[in-house]
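Novice: Below you will find the structure I want to go over with you.
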């Protein structure tokens, strides 16, 4: 986890909607580097489901839920991924929960009402720690990839070229699917470090960038050939979160989907209808 480019995912878990929305609103995304996606859950079960699917690097959770508590969430997350940074939120009368959360390696706890500056400073500290861990991991991956390449022979070189072509074809044909480096590496029985290195070496771009480019190009085609809404087109190319789709689209093209579609309609029809 957390290999290659950081795509920051933050999960906010609280059973009270107004608290979740308030925390999400307080997160200063201008201080975050790269793409950021914020998820939300109102139960421990939903939080664990989202964690298993998206593997957020930072989890912000209340210590108390109606049926389970945030300490249980903390324990179960660390059983899956020990690099996750968990920030617990508590009231003044919940210190026993806080002690349990810290025992399960929660990085910090914030008292209600949550202070915006304290929240963002804590998130920033988590990101700095994650970035430091990432640099250490990348150095290890580079050494591992170098060793694997040195051990490879001509036959393996041919095989990996076939694998790269198959990956490209698969992503283009099934652009609506969700792809990850770890998932593709597992499918082709390769280490993540080796696949990441050879893919970029042979294509000139990272696997993550290739996936985004394919999905955005297909989204542009759908905008040209259909009258689908932005949210519908986003879902068709594998981005159920329209906000995240917009960030990816703008990163690849330099403009938002709405701006692109407005310009396209103007060119095709001489009018602006999105």
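Numbering (this note's numbering), first residue to last: 27 to 300. Ideal Cβ positions, reconstructed from N, Cα and C, are used throughout, including at glycine.
1. Quick check: the Cα distance between residue 89 and residue 104, rounded to an integer number of angstroms?
2. Compute the distance between the beta-carbons of residue 193 and residue 210, then report whether it is under 7 Å.
3. Would you say the beta carbon of residue 79 is closer than 6 Å to some non-hydrogen atom of the ligand COA?
4. Give a yes or no on contact between the segment 244-264 and the segment 55-64, applying the rule of three or more CB pairs nearer than 8 Å.
5. Taking residue 113 as the reference, give the member of 93, 135 and 101 with the closest Cα.
6. In the DSSP assignment, what are the bridge partners of residue 112?
7. Just the Cα atoms here: how many angstroms apart are residue 84 and residue 293?
8. Can you give me the start and stop residues for the beta strand (DSSP E) that residue 38 sits inside?
9. Would you tell me roughly how many angstroms separate the C-alpha atoms of residue 230 and residue 240, rounded to the nearest one?
10. Enumerate in chain order the residues of its own chain whose CB-to-CB distance from residue 66 is below 7 Å, with the five nearest sequence positions on each side excluded.
11. With 16 other CB atoms within 10 Å as the buried threshold, where does residue 145 fall?
12. Would DSSP call residue 239 helix, strand or coil?
13. Is the Cβ-Cβ distance between residue 201 and residue 263 less than 7 Å?
14. Return the residue from the list 97, 35, 254 and 73 that minimises the CA-CA distance to residue 115.
15. When DSSP labels each residue in this structure, what does residue 267 get in the three-state scheme?
16. My assumption, with CB atoms under 8 Å, is that residue 52 sits in contact with residue 142. Please give the rounded CB distance.
17. Which word fits residue 188, buried or exposed, when buried means at least 16 other C-beta atoms lie within 10 angstroms of its C-beta?
18. Secondary structure at residue 216, three-state DSSP: helix, strand or coil?
19. Would you report the Cα separation of residue 152 and residue 253, rounded to the nearest angstrom?
20. Using the Cα positions of residue 280 and residue 243, report the straight-line distance between them to the nearest angstrom.
21. Which residues mark the beginning and the end of the beta strand (DSSP E) in which residue 42 is found?
22. Distance cutoff 7 Å, beta carbons only. Does residue 141 sit that close to anything in chain B?
23. Would you mind working out which of 278, 44 and 91 sits nearest residue 235, comparing C-alpha positions?
24. Rounded to the nearest angstrom, how far is the Cβ of residue 111 from that of residue 76, given a contact under 8 Å?
25. Does DSSP classify residue 93 as helix, strand or coil?
26. From the DSSP output, in three-state form, read off residue 183 for me.
Specialist: Straight from the coordinates:
1. Here residue 89 refers to the residue found at position 63 when the chain shown is read from its first residue. Here residue 104 refers to the residue found at position 78 when the chain shown is read from its first residue. Residue 89 and residue 104 have their alpha carbons spaced roughly 15 Å apart.
2. In the chain shown, residue 193 corresponds to position 167, counting from 1. In the chain shown, residue 210 corresponds to position 184, counting from 1. In contact: residue 193 and residue 210 (Cβ atoms closer than 7 Å).
3. This structure lacks the ligand COA; in fact it carries no ligand of any kind.
4. no
5. Position 87 of the chain shown holds residue 113. The shortest Cα separation from residue 113 among 93, 135 and 101 belongs to 135.
6. Counting from 1 along the chain shown, the entry for residue 112 is found at position 86. Bridge partners of residue 112 according to DSSP: 85.
7. Mapped onto the chain shown, residue 84 falls at position 58. Mapped onto the chain shown, residue 293 falls at position 267. When rounded, the distance between both Cα atoms is 43 Å.
8. Numbered from 1 along the chain shown, position 12 holds the residue referred to as residue 38. Annotation for residue 38: the continuous beta strand (DSSP E) segment containing it runs 34-39.
9. Here the question's residue 230 lines up with position 204 in the chain shown. Here the question's residue 240 lines up with position 214 in the chain shown. In a straight line, the C-alpha of residue 230 is about 15 Å away from that of residue 240.
10. In the chain shown, the residue the question calls residue 66 occupies position 40. The beta carbon of residue 66 is closer than 7 Å to those of 38, 46 and 50 in its chain, skipping five residues each way along the sequence.
11. Translated into positions along the chain shown, residue 145 becomes position 119. Buried, by the Cβ-count rule.
12. What you label residue 239 is simply residue 213 of the chain shown in a count that begins at 1. Helix.
13. Within the chain shown, numbered from 1, the residue matching residue 201 stands at position 175. Within the chain shown, numbered from 1, the residue matching residue 263 stands at position 237. Contact: yes.
14. The sequence position of residue 115 within the chain shown is 89, counting from 1. Nearest option by C-alpha distance: 97.
15. As a position in the chain shown, residue 267 is number 241, starting the count at 1. Coil.
16. The residue given as residue 52 occupies position 26 in the chain shown. The residue given as residue 142 occupies position 116 in the chain shown. With a Cβ gap of about 4 Å, residue 52 and residue 142 count as contacting.
17. Taking the first residue of the chain shown as position 1, residue 188 is located at position 162. It counts as exposed.
18. Taking the chain shown and counting its residues from 1, one reaches residue 216 at position 190. Coil.
19. In the chain shown, the residue the question calls residue 152 occupies position 126. In the chain shown, the residue the question calls residue 253 occupies position 227. Rounded to whole angstroms, residue 152 to residue 253 spans 42 Å at the Cα level.
20. Locating residue 280 in the chain shown gives position 254, where the first residue counts as 1. Locating residue 243 in the chain shown gives position 217, where the first residue counts as 1. About 13 Å.
21. On the chain shown, position 16 is the one that residue 42 refers to. Careful: residue 42 lies outside any beta strand (DSSP E) and carries neither H nor E.
22. The chain labelled as chain B is not found in the depicted structure, where only one protein chain is given.
23. Counted from its first residue, the chain shown places residue 235 at position 209. The residue with the shortest Cα to Cα distance from residue 235 is 278.
24. Counting from 1 along the chain shown, the entry for residue 111 is found at position 85. Counting from 1 along the chain shown, the entry for residue 76 is found at position 50. The Cβ separation is near 16 Å, so there is no contact.
25. Along the chain shown, read from residue 1 onward, the residue named residue 93 stands at position 67. Three-state result, residue 93: coil.
26. As a position in the chain shown, residue 183 is number 157, starting the count at 1. In this prediction, residue 183 scores a pLDDT of 48, lower than 50, which makes its location untrustworthy; no coordinate-derived value is stated.
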